[in-house]
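Engineer: 1 is the number of the first residue of the sequence shown in the UniProt record's numbering; add one for each residue after it.
Quick one: this structure, given as structure tokens, is what I'll be asking you about.
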Amino acid sequence: MDFKIGRLNLNAVAQLVSEYPLLFWVDGFRLTTICMQGVGGLVFGNENSTSNEDSYIEKYLDRISNGVLGDDRRSAMLNLQSLVAESSTAQMSFGAMGFPVLLNVLKEERDDVELIRGALETILSALTPIETAQGQKNVVQPALVNSDLLSRESENISLLLSLLTEDDFYVRYYTLQIITALLTHSPNRIQEEIISIPRGITRLMDMLMDREVIRNEALLLLTYLTRQAEEIQKIVVFEGAFEKIFSIIKEEGDSEGGVVVQDSLELLNNLIRNNASNQMLLKETIGFDPLVSILKLRRGSAYNFTQQKTINLLSVMETVRLLLVGGSTSEPDKDSSRLANQTALAQKKILDYLLLLGIESQWAPVALRSSALRCIGNLVIKNPHNLLILGSKLVGEEPHLEPALSATFRVILRASAIQEFIAADYVLKCFCEGNSDGQEMLASTITQPNSNPIIDSGGSMPFGSMLLQALLSNGANGDLEKCARAACVLSHILKNNLKCKELVCTFSDCTDSLVSNGTFVLKVELEAPVPSLSSPEPLMHRVMKYSAIAASSGSIDEKQNHKSEGDLYIQPLILQLLVTWLADCPNAVNCLLESPGHLTYLLSLVSNPQAGIAVQGLAAIILGECVLYNRNNETKRDAFSVADALSQKVGLSNFFLKFDELQKFLSHLSTEGQHSQSLGRSSAASMAEAEDVENVGTNHKHEHPVLLEMFDSTFIRYVDKLEAEIRESILGIYSNTKNKVAVLPAELEQSDKETDRDYIKRLKIFVASQCNEMQDLLCRNATLAEELVRTGGATISTISQEPSSGRERVLNESHRRELQEARRCAQILTAEKAKIEDEANNYRNLAAKLESDLKSLSDAYNSLEQVNFRLESEAEELRKGGRVQHPDIETIKAEAREAAEKESEAELNDLLICLGQEQSKVEKLSTRLTELGEDVDSLLEGLGDEAGLEGDDEDEDDGK
């Protein structure tokens, strides 16, 4: 295929221009966009030199594409490679015109090995950055542009991978270098393209079994390729990466090997980082024996730590750390993976090798000792079996054996490098994390300072004696720093363990270790430093004294402008001990408040702007704990007194503002801590070269590594939780009365001339007025507390989300009670109303029945009257006829009437009695209905109308 070089190739240049239309300033001249000058006159040199280089490149490309003689084409390729390797302008020109020509050579000219080599070497030169002169900024990098152009088409990557099957050594070598260069510039795109190519990863893995130079280059390429691509990691592991990696490491001499061992371990770390499945596959296929064997060092080899050996051991430590951490946090089986790896590594006796490196090899570099100590912490954290092993482990040689924990604490006290102190402290922190038995075991070793400490068989001092001795230093600068470090260790022992807190709290003159009901009640008493006859001084009071000394020494150093690095973390460490000690321990709070000066000192510390955000925030937390966990009923030491002192001396708004500032500060520290990069060539070399990294990261006060370590995620969560609880506690204190003892007012006494009725009436009025006043006071207190809490930093969203607060909560509570009482009364009245309505219905039914009986009686009486009238008529007719002699009609009528009247009178009397009884019930019922607000007339309306009408009809019938 022929390529015409010249104006026709400006289409490619136009495409490049459309994607990089940039303006640049070079050597004081304003340059136009790419399209104004062409590729050659972009930003490099003057127009004459640029045009010459463009013409040379065009000429060489024309000879390569259209040449007839092979030697001429190879010569042109050599000249082109030299020009591109030396000139950035030539690199840019080649990127627009040369790639199509050379890629065509790679496709069509496989038989000409020398030409293929030249093409690959030229492409590699075009992708290799050339250093520009100092002062030139914002200049486009031709290597980046060329990498972008070459990696756009996946066919180009596939073509390069196909060259790995060639027999020529240099072809494979240059191809691997080109792919590596592309990965450094466009990693994501190259990773995606390699995954999409069939057997692309397999071809790269095959290069690990090639000659040493190619193997090393392939190893470096796979390291770049597997950093962030999880799919590629799986394929690489499936292709047997673990076996090949450890085979290379063994071949190179383990930790004594060169940079190839480092690259192999870096590739291994990429494969297992946050990947539980790959970690499990490593454990089940080849196991951890090859890994642990790299750490096996002879005691006599402690002096032979070259830089490369140190880097290799640091890389192994990184591998161990990744295994001990387990999978990513998103994986559900992260904890099970961590426990399995911890157990498997402990079975391989890795703890012995880590202790040898971290504690016994004092001539090892600081970074290596620190890394080994951190691995020890990760090995035992939250693993009961490994915790027991570490607790019983001895280090050193006979006869100078010493418990590993005591040796670790000795490192904490004596370490000159901050990095080593942090790492050793991390071991004890992990040992105490969730290990209550271990915490109590360490706390039980604390002995009195004035008593002779028991020296163990190795001649060393027990753990607790060293701890107490460090805490009881004389307050000098060096001793004060040791005191702060010991305070940090003591905070680990006391964390979330009430028994250990009680073990070191002092409330009486007891100086012995007692056992009561199976629990320790050791009271550590310290003699006062100056007066020999003074009362014993509690350990907490001594800690508070050292905090004040640290504050005063820090302020003096700051005035003299020679503040040391230790001053940045001494006071925070001591205050953190108090924060941990007071948490959920009322006895510790009571001990702290025994001295009135402690409260005054903490209040001044919160108000001191020179103390720093961390110190002010920690002091605010301590004061909040004195309110939250205060169970004292004494007047000047109860929660109300502390809250009142806060309100008067600091102000609740300013107090809660310190919490907000501390949370922002902790968030900043957490962000700084998450920026730790993985161990690579540059970072490992810098760590190996640094003997003392004390000043690393300490340019700013807020970025000290000790602060980064002490304010971990657990402490941040505790502060967030504690702030809400303190706000609620202070709100509750201001919403309730201070005095809980009832005082009987004089108004409650009954006077001599006052009757009981008047006395009861006066008492009711007095109680009602007192209730109203108390309700008003509660509302005002709640409103005040709510306003102070709100100005103290509570967000509007938080306040709006609360269902009720302050005055509204008190009023709502009162309204709720009134509503409940009204509902109860309504329920009672409803029940009584239903009962009365039932009785009224019964009375209505009874009245209707009586009316019916009366009507029946009236009908019977009328029928008798009619019979009597008929009989009288018949008697009258008979009398007129005179035919029969009848008895005396009048007599018979009188007798009949008398009998009927007697019978009717008896029935009427019974009826009237019943009516009288019912009438009395109706009157009572009417009275009750009237009290309940019912209209009685409307209920009784119409009851007697029917009877009246019927009576009128009967009268009319009688009249007729």
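Virtual Cβ for every residue (Gly too), placed ideally from N, Cα, C.
Just to confirm the assignment, what range does the alpha helix (DSSP H) spanning Ile574 have?
Structural biologist: Counting from one through the sequence shown, the residue named residue 574 turns up at place 574. Segment Ile570 to Leu582, the alpha helix (DSSP H) holding Ile574.
Engineer: To the nearest angstrom, how far is the alpha carbon of Glu131 from that of Glu230?
Structural biologist: The residue given as residue 131 occupies position 131 in the sequence shown. The residue given as residue 230 occupies position 230 in the sequence shown. If you take the alpha carbons of Glu131 and Glu230, they lie about 34 Å apart.
Engineer: CB-CB under 7 Å to Gln917, same chain, minus the five flanking residues each way: which ones, in chain order?
Structural biologist: As a position in the sequence shown, residue 917 is number 917, starting the count at 1. There are no such residues.
Engineer: Please list the terminal residues of the continuous alpha helix (DSSP H) segment that includes Gly732.
Structural biologist: Numbered from 1 along the sequence shown, position 732 holds the residue referred to as residue 732. Segment Ser713 to Tyr734, the alpha helix (DSSP H) holding Gly732.
Engineer: Can you tell me the Cα-Cα spacing of Glu625 and Phe640, whole angstroms?
Structural biologist: Here the question's residue 625 lines up with position 625 in the sequence shown. Here the question's residue 640 lines up with position 640 in the sequence shown. Computed Cα separation, rounded: 13 Å.
Engineer: For the 8 Å Cβ check, are there 3 or more pairs between the stretch 219 to 229 and the stretch 276 to 283?
Structural biologist: Cβ pair count under 8 Å is below three, so no.
Engineer: Just checking my contact of Glu58 with Met97 at CB under 8 Å: how many whole Å lie between their CB atoms?
Structural biologist: What you label residue 58 is simply residue 58 of the sequence shown in a count that begins at 1. What you label residue 97 is simply residue 97 of the sequence shown in a count that begins at 1. That belief holds up - the Cβ atoms of Glu58 and Met97 are roughly 7 Å apart, short of 8 Å.
Engineer: In the DSSP output, which residue or residues are listed as bridge partners for Gly327?
Structural biologist: Taking the sequence shown and counting its residues from 1, one reaches residue 327 at position 327. Answer is Asn274, bridged to Gly327.
Engineer: Using CA coordinates, which residue listed in Leu829, Tyr718 and Trp363 is at the minimum distance from Asp584?
Structural biologist: In the sequence shown, counting from the first residue as 1, residue 584 sits at position 584. Checked all of Leu829, Tyr718 and Trp363; the closest Cα to Asp584 is Tyr718.
Engineer: Determine the direct distance from the alpha carbon of Glu420 to that of Val366, and round the result to whole angstroms.
Structural biologist: On the sequence shown, residue 366 is found 366 positions in, with the first residue counted as 1. On the sequence shown, residue 420 is found 420 positions in, with the first residue counted as 1. So the two alpha carbons sit approximately 7 Å from each other.
Engineer: For the candidate residues Gly253, Leu539 and Asp660, whose alpha-carbon lies nearest to that of Leu503?
Structural biologist: Here residue 503 is taken as the residue at index 503 of the sequence shown, counted from 1. Minimum Cα distance to Leu503 is reached at Leu539.
Engineer: What does DSSP give as the partner residues of Pro403 in its beta bridges?
Structural biologist: Reading the sequence shown from its first residue, position 403 is the one you call residue 403. In the DSSP output, where bridge partners are listed per residue, Pro403 has Leu394.
Engineer: Of the choices Val427, Val627 and Leu602, whose alpha-carbon is the least far from that of Leu618?
Structural biologist: Reading the sequence shown from its first residue, position 618 is the one you call residue 618. Minimum Cα distance to Leu618 is reached at Leu602.
Engineer: Is it right to say Thr445 is buried, meaning 16 or more other beta carbons lie within 10 angstroms of its own, or is it exposed?
Structural biologist: One-based indexing of the sequence shown puts residue 445 at position 445. Buried, because 16 or more other Cβ atoms sit within 10 Å of the Cβ of Thr445.
Engineer: Below 6 Å CB to CB, which residues in the same chain sit around Ile157 once its five sequence neighbours on both sides are set aside?
Structural biologist: Position 157 of the sequence shown, counting from 1, holds the residue named residue 157. If we look at Ile157 and ignore the five residues flanking it on each side, its Cβ neighbours are Glu193.
Engineer: Quick check: Leu405 and Cys375, are their CB atoms within less than 8 Å of each other?
Structural biologist: In the sequence shown, counting from the first residue as 1, residue 405 sits at position 405. In the sequence shown, counting from the first residue as 1, residue 375 sits at position 375. No, the pair does not count as a contact, with Cβ atoms beyond the cut-off.
Engineer: Within the same chain, show all residues whose beta-carbon is closer than 7 Å to that of Glu239, passing over the 5 residues directly before and after it, in chain order.
Structural biologist: Against the sequence shown, residue 239 aligns to sequence position 239. Cβ within range, chain order: Ile201, Thr202 and Met205.
Engineer: Report the three-state DSSP secondary structure of Pro660 (helix, strand or coil).
Structural biologist: By one-based count along the sequence shown, residue 660 stands at place 660. Sequence inspection shows Asp at residue 660; the Pro mentioned does not correspond to that position. Asp660: helix per DSSP, three-state reduction.
Engineer: May I have a chain-ordered list of the alpha helix (DSSP H) segments no shorter than 4 residues that lie completely inside the stretch 590 to 631?
Structural biologist: Correct list: 596 to 607 and 613 to 628.
Engineer: Between the stretch 374 to 394 and the stretch 654 to 668, do at least 3 Cβ pairs fall closer than 8 Å?
Structural biologist: As far as the Cβ criterion goes, the stretch 374 to 394 does not touch the stretch 654 to 668, which means the pair count is below three.
Engineer: Checking 8 Å against the spacing of the C-beta atoms, do Ala611 and Ala548 come in under that value?
Structural biologist: Taking the first residue of the sequence shown as 1, we reach residue 611 at position 611. Taking the first residue of the sequence shown as 1, we reach residue 548 at position 548. No.
Engineer: So residue 967 and Val936 are supposed to be a Cβ contact under 8 Å. How far apart are they, rounded?
Structural biologist: The displayed coordinates of the chain run from 1 to 960. Any statement about residue 967 would go beyond what the structure contains.
Engineer: Count the other CB atoms, across all protein chains shown, that sit within 10 Å of the CB of Gln648; report buried if there are 16 or more and exposed otherwise.
Structural biologist: Counting from one through the sequence shown, the residue named residue 648 turns up at place 648. By the neighbour-count rule (16 or more Cβ atoms within 10 Å), Gln648 is not buried but exposed.
Engineer: For Ile179, tell me which candidate among Ile195, Glu166 and Leu161 has the shortest Cα-Cα distance.
Structural biologist: Here residue 179 is taken as the residue at index 179 of the sequence shown, counted from 1. Per the Cα distances, Leu161.
Engineer: Tell me whether His492 is buried or exposed, calling it buried when 16 or more other Cβ atoms sit within 10 Å of its Cβ.
Structural biologist: As a first step, residue 492 is located in the sequence shown; it is residue number 492 there, counting from the start. Burial call: buried.
Engineer: Rounding to the nearest angstrom, what Cα-Cα distance links Gln262 and Ala218 in this structure?
Structural biologist: What you label residue 262 is simply residue 262 of the sequence shown in a count that begins at 1. What you label residue 218 is simply residue 218 of the sequence shown in a count that begins at 1. Spanning the two alpha carbons is a distance of roughly 14 Å.
Engineer: For Pro100, does the three-state DSSP call read helix, strand or coil?
Structural biologist: Counting from one through the sequence shown, the residue named residue 100 turns up at place 100. Three-state result, Pro100: helix.
Engineer: Could you check what DSSP says for Gln91 in three-state terms: helix, strand or coil?
Structural biologist: The count along the sequence shown starts at 1 and reaches residue 91 at position 91. Looking at Gln91 - three-state DSSP - the assignment turns out to be helix.
Engineer: Grab the span of the alpha helix (DSSP H) containing Thr226 for me, first residue to last.
Structural biologist: Within the sequence shown, residue 226 is the residue found at index 226, counting from 1. Unbroken run through Thr226: none, as it is neither H nor E.
Engineer: If you follow the alpha helix (DSSP H) that Gly258 is in, where does it begin and where does it stop?
Structural biologist: Walking along the sequence shown from the start, residue 258 turns up at place 258. Gly258 -> no alpha helix (DSSP H), and no H or E assigned at all.
Engineer: In terms of alpha-carbon separation, which member of Leu599, Leu368 and Asn79 lies closest to Asn304?
Structural biologist: The sequence position of residue 304 within the sequence shown is 304, counting from 1. The candidate whose alpha carbon is nearest that of Asn304 is Leu368.
Engineer: Tell me the DSSP secondary structure of Ser769 in three-state form.
Structural biologist: Position 769 of the sequence shown, counted from the first residue, corresponds to residue 769. If DSSP states are grouped into helix, strand and coil, Ser769 belongs with the helices.
Engineer: Can you tell me whether DSSP reads Phe409 as helix, strand or coil?
Structural biologist: In the sequence shown, the residue the question calls residue 409 occupies position 409. Looking at Phe409 - three-state DSSP - the assignment turns out to be helix.
Engineer: Pull up the distance between the alpha-carbon of Asn312 and that of Asp254, whole angstroms please.
Structural biologist: Translated into positions along the sequence shown, residue 312 becomes position 312. Translated into positions along the sequence shown, residue 254 becomes position 254. Cα to Cα, the separation comes out at about 8 Å.
Engineer: Classify Asn66: buried if its beta carbon has 16 or more other beta carbons within 10 angstroms, exposed otherwise.
Structural biologist: To locate residue 66, count along the sequence shown from 1; it is residue 66. Asn66 is exposed by the Cβ-count criterion.
Engineer: Output needed for Glu941: all residues of its chain with C-beta closer than 8 Å, excluding positions within five of it in sequence on either side, in chain order.
Structural biologist: The residue labelled residue 941 in the question sits at position 941 within the sequence shown. Same-chain partners within the cutoff: there are none.
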